[in-house]
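Peer 1: Just so we're aligned, residue 1 is where the sequence shown starts under UniProt numbering, counting upward by one. This is the structure I have questions about; it appears just below.
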Amino acid sequence: MNTLGWKTSMFDPELFRAALDDGPIGEGSAMQKAEDVMRRVVKACDATMPRKRSTNRLPPMYWWNDTIASFRQECIRTRRMSQRGRKNPTPTSWTQSTRRHGDDSLKPSSAARGSVGTN
1 MNTLGWKTSM FDPELFRAAL DDGPIGEGSA MQKAEDVMRR VVKACDATMP RKRSTNRLPP
61 MYWWNDTIAS FRQECIRTRR MSQRGRKNPT PTSWTQSTRR HGDDSLKPSS AARGSVGTN
């Protein structure tokens, strides 16, 4: 069962009443009757409203690691600061130092460069 629920903004009471099965509740204990009622409500909700979707539908990538996550976080922070700074004149030295820092951190190390293509 989807624990996120339904998009209640799309709720139509008349359609819900029509979709809700008003047949007799099954025999059995109170617990079984409660489960039967809940099953009917879920079916009616599924028939009348779309389900909510989670915000992150994709699984994490196999190559993702803490270093990349920190680079991404720094990139987003810097981009937001830059976008906010467009309203006010910003010194070019800040922009250049930030760009230089980002470029240096993404370049492969000299050891990694030396091993590329040496078979």
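Every residue gets a Cβ at the ideal spot worked out from N, C-alpha and C, and that includes glycine. Fair warning: this is a prediction, and the values are worked out from it, not measured in the lab.
1. Run through DSSP, which three-state label would ARG51 get?
2. For THR8, report the span of its alpha helix (DSSP H) as first-last.
3. Around the Cβ of MET31, are there at least 16 other Cβ atoms within 10 angstroms (buried) or fewer (exposed)?
4. Rounded to whole angstroms, what's the CA-CA distance from LYS87 to ILE68? Just pull it up for me.
5. Would you call THR48 buried or exposed, if buried means 16 or more other Cβ atoms sit within 10 Å of its Cβ?
6. If you follow the alpha helix (DSSP H) that SER82 is in, where does it begin and where does it stop?
7. Just to confirm, is the Cβ distance from PHE16 to ALA44 under 9 angstroms?
8. Cα-Cα, which of PRO60, ASP36, PRO50 and VAL37 is closest to TRP6?
9. If you draw a straight line from the C-alpha of ARG40 to the C-alpha of ASP22, how long is it?
10. If you reduce the DSSP assignment to three classes, tell me which class LEU15 lands in.
Peer 2: Per the coordinate set shown:
1. For the purposes of this step, residue 51 is taken as residue 51 along the sequence shown, with counting starting at 1. Here ARG51 sits in strand by DSSP.
2. Taking the first residue of the sequence shown as position 1, residue 8 is located at position 8. Note, THR8: premise wrong, no alpha helix (DSSP H); not H, not E.
3. In the sequence shown, the residue the question calls residue 31 occupies position 31. When all chains shown are included, MET31 counts as exposed.
4. The sequence position of residue 87 within the sequence shown is 87, counting from 1. The sequence position of residue 68 within the sequence shown is 68, counting from 1. Between LYS87 and ILE68, the C-alpha separation is close to 30 angstroms.
5. On the sequence shown, position 48 is the one that residue 48 refers to. By the Cβ neighbour-count rule, THR48 is buried, with 16 or more other Cβ atoms within 10 Å of its own.
6. Translated into positions along the sequence shown, residue 82 becomes position 82. Run containing SER82: 66-85, per the alpha helix (DSSP H) assignment.
7. Locating residue 16 in the sequence shown gives position 16, counting from the first residue. Locating residue 44 in the sequence shown gives position 44, counting from the first residue. Taking 9 angstroms as the Cβ cut-off, PHE16 and ALA44 qualify as a contacting pair.
8. In the sequence shown, counting from the first residue as 1, residue 6 sits at position 6. Of the listed residues, the one whose Cα sits closest to TRP6 is PRO50.
9. Mapped onto the sequence shown, residue 40 falls at position 40. Mapped onto the sequence shown, residue 22 falls at position 22. One C-alpha to the other measures close to 9 angstroms.
10. Taking the first residue of the sequence shown as 1, we reach residue 15 at position 15. Three-state DSSP puts LEU15 in a helix.
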